[in-house]
Amino acid sequence: MKPRMRRRGGLSLLVAFALFWGGISSYQAIYLPGNVAKTTWINIPAGATSTQIADILYRSRVIRSPFWFRVYLSLSGQADRLQAGRYPFSPKQNVPSVVNELTRGSVAYNTVTVTFPEGYTVTQMAATLQRSGVCSSRSFMHAVKADHFSYAFLATSYRRSSVRDPLEGFLFPNTYDFVRGESPRTVIQTMLQMTQQVLDPYRLREIAREGLTVQEVMTVASMIEREAKLKVERPLVASVIYNRLHLHPPMKLQIDATVLYALNGHGSLNNDLYINNPYNTYVYGGLPPGPIANPGLASIQAALHPAKTDYYFYVARNDGSGGHYFSTTYAQQLRNEVKSQQNAARHG
1 MKPRMRRRGG LSLLVAFALF WGGISSYQAI YLPGNVAKTT WINIPAGATS TQIADILYRS
61 RVIRSPFWFR VYLSLSGQAD RLQAGRYPFS PKQNVPSVVN ELTRGSVAYN TVTVTFPEGY
121 TVTQMAATLQ RSGVCSSRSF MHAVKADHFS YAFLATSYRR SSVRDPLEGF LFPNTYDFVR
181 GESPRTVIQT MLQMTQQVLD PYRLREIARE GLTVQEVMTV ASMIEREAKL KVERPLVASV
241 IYNRLHLHPP MKLQIDATVL YALNGHGSLN NDLYINNPYN TYVYGGLPPG PIANPGLASI
301 QAALHPAKTD YYFYVARNDG SGGHYFSTTY AQQLRNEVKS QQNAARHG
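The sequence shown begins at 1 in UniProt numbering and counts up by one.
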């Protein structure tokens, strides 16, 4: 009997030792940090199983044991809650911390704040999105030109064959949060929804009362945005535009910003002022086919509520103020141009 008891006691001791050692191993595998030397970004593909995720993390040295990672998932009931995405893992993270990140999702790490200044063109917006890692410039411009978006304020833009980019003027400049790798269509929808908030029913009624179309208001607003640096001058620039349009016969607008838009980065005002392009208001009368930039609210308001003036001309002061000289007659304009040139000489 005694020999048997000794064998049973020895076996119990061995089992206890194994459990003790297993407990230490499992504790180390689960609660001690992995072996990653510095913060490492890991991609978890869509549709990956918990086993595949465990292997990815183990190969990247984020966790110490794929087996104990799966055990922890099973015991904590989180195996089905892991989310795909791109995650940063630091040297201090253990399995519970890693699992917490994977169940919380990667949106926090992949969100990009993008600011589009007032007056940006869709081309400039495309370049900004690419630099921010949201989507490629090419895919964004393809969506701008080829996709169709169902907003009433875009109806006229889509009907005009001479419009270069149908969404120009209607992607409201603001600060947005996007996700890296975002669909260009989703980006555009987000911006168009903001435009819809700006062009609310009250403002649409204002536009109708003025006898204008949304397309006309946004086109005028875009020219104001590109011409007037000072907020106080926007209604004055608007008055010049409308005063010229309402003359009999109308005066050509002759707005430099429309020439630059027509050139699209190729050429210069000095050499190509009379380029034959429907957006060039030195060559073609009336408004250009559509907006030349994406205006902010102040310019939209100025287009709706121009100052009441008898101005038909303006020229940049070139004195560092960002302002303009405004005038009624061409003779006054010529004198102002001389002052502008003198200011430019003094200020370099």
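Glycine included, C-beta positions come from ideal geometry on N, C-alpha and C.
Where residue 134 falls, given that 16 or more other Cβ within 10 Å makes a residue buried:
Here residue 134 corresponds to residue number 134 of the sequence shown, with the count starting at 1. The residue in question, residue 134, is buried, as its Cβ has 16 or more Cβ neighbours within 10 Å.
What do you reckon, are the CB atoms on residue 96 and residue 37 nearer than 8 Å?
Along the sequence shown, one-based indexing puts residue 96 at 96. Along the sequence shown, one-based indexing puts residue 37 at 37. Not closer than 8 Å, so no.
Just mark residue 302 as buried or exposed, buried being the case when its beta carbon has 16 or more other beta carbons within 10 Å.
By one-based count along the sequence shown, residue 302 stands at place 302. Residue 302 is buried by the Cβ-count criterion.
Residue 83 and residue 102 - do their beta-carbons sit closer together than 8 Å?
Within the sequence shown, the letter at position 102 stands for residue 102. Within the sequence shown, the letter at position 83 stands for residue 83. Yes, these two residues count as a Cβ contact at 8 Å.
Do you know whose CA, among 185, 208, 196, 99, lies nearest residue 77's CA?
Here residue 77 corresponds to residue number 77 of the sequence shown, with the count starting at 1. Among 185, 208, 196, 99, the Cα nearest to that of residue 77 belongs to 99.
Nearest-angstrom Cα distance between residue 21 and residue 86?
Taking the sequence shown and counting its residues from 1, one reaches residue 21 at position 21. Taking the sequence shown and counting its residues from 1, one reaches residue 86 at position 86. Low local confidence applies: a pLDDT of 44 at residue 21 is under 50, so the model's placement there is unreliable, and no value is given.
Based on Cα-Cα distance, which residue from 345, 46, 201, 254 lies nearest to residue 153?
The residue given as residue 153 occupies position 153 in the sequence shown. Nearest option by C-alpha distance: 201.
Spatial neighbours of residue 264 in its chain, beta-carbon cut-off 6 Å, leaving aside the 5 residues before and after:
Within the sequence shown, numbered from 1, the residue matching residue 264 stands at position 264. Answer for residue 264: no residue qualifies.
Just the Cα atoms here: how many angstroms apart are residue 27 and residue 64?
Stepping through the sequence shown from its first residue, residue 27 is reached at position 27. Stepping through the sequence shown from its first residue, residue 64 is reached at position 64. Near 11 Å, if we compare the C-alpha coordinates of residue 64 and residue 27.
Through-space distance from residue 132 to residue 42, alpha-carbon basis:
Position 42 of the sequence shown, counted from the first residue, corresponds to residue 42. Position 132 of the sequence shown, counted from the first residue, corresponds to residue 132. Straight-line Cα distance between these residues: approximately 19 Å.
Quick check on DSSP: helix, strand or coil for residue 317?
Working through the sequence shown from its first residue, we reach residue 317 at position 317. Three-state DSSP puts residue 317 in coil, outside helix and strand.
For the stretch 289-298 against the stretch 220-234, do three or more pairs of beta-carbon atoms, one drawn from each stretch, fall closer than 8 Å, so that the two count as touching?
yes
Could you give the first and the last residue of the continuous beta strand (DSSP E) run that contains residue 275?
Here residue 275 corresponds to residue number 275 of the sequence shown, with the count starting at 1. Element bounds for residue 275: n/a, residue is neither H nor E.
Grab the span of the alpha helix (DSSP H) containing residue 336 for me, first residue to last.
As a position in the sequence shown, residue 336 is number 336, starting the count at 1. Here the alpha helix (DSSP H) through residue 336 covers 330-346.
Distance, Cα to Cα, residue 249 vs residue 168?
As a position in the sequence shown, residue 249 is number 249, starting the count at 1. As a position in the sequence shown, residue 168 is number 168, starting the count at 1. In a straight line, the C-alpha of residue 249 is about 29 Å away from that of residue 168.
Go ahead and pull the three-state DSSP assignment for residue 110.
Within the sequence shown, residue 110 is the residue found at index 110, counting from 1. Helix.
Please determine, among 147, 121, 127, the residue with the shortest C-alpha to C-alpha distance to residue 258.
The residue given as residue 258 occupies position 258 in the sequence shown. Selected option, being the one with the closest Cα: 121.
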